[in-house]
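**Q** Residue numbers (the working numbering): 82 to 120. Below you'll find the structure I mean.
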């Protein structure tokens with residue numbers, strides 16, 4: 082997977098509330114676990 086596709090997926094996950102925004106080091110907090118998701 083290329084950078085552009087990965088960046089697009091991360092942006093989509095942020096918009097959907099799965100991950101938080103990148104911090105100063107580029108790391109993100111996971112907001113939604115697999116246990117919170119419907120099958």
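We treat Cβ as the ideally placed atom computed from N, Cα and C, and that holds for glycine. Quick caveat, the model's predicted, so the values are computed rather than measured.
1. Using C-beta distances below 6 Å, list every residue in its chain close to residue 110, excluding the 5 sequence neighbours before and after it, in chain order.
2. Is it the case that the Cβ atoms of residue 99 and residue 116 are separated by a distance below 9 Å?
3. Residue 89 lies in the alpha helix (DSSP H); which residues open and close that run?
4. What separation, rounded to the nearest whole angstrom, lies between the Cα atoms of residue 84 and residue 107?
**A** Once the coordinates are examined:
1. Take residue 110, set aside five residues on each side of it, and the residues of its chain with a beta-carbon closer than 6 Å to its own are 101, in chain order.
2. No, Cβ-Cβ distance for residue 99 and residue 116 is not below 9 Å.
3. Its alpha helix (DSSP H) spans residues 84-96.
4. One C-alpha to the other measures close to 14 Å.
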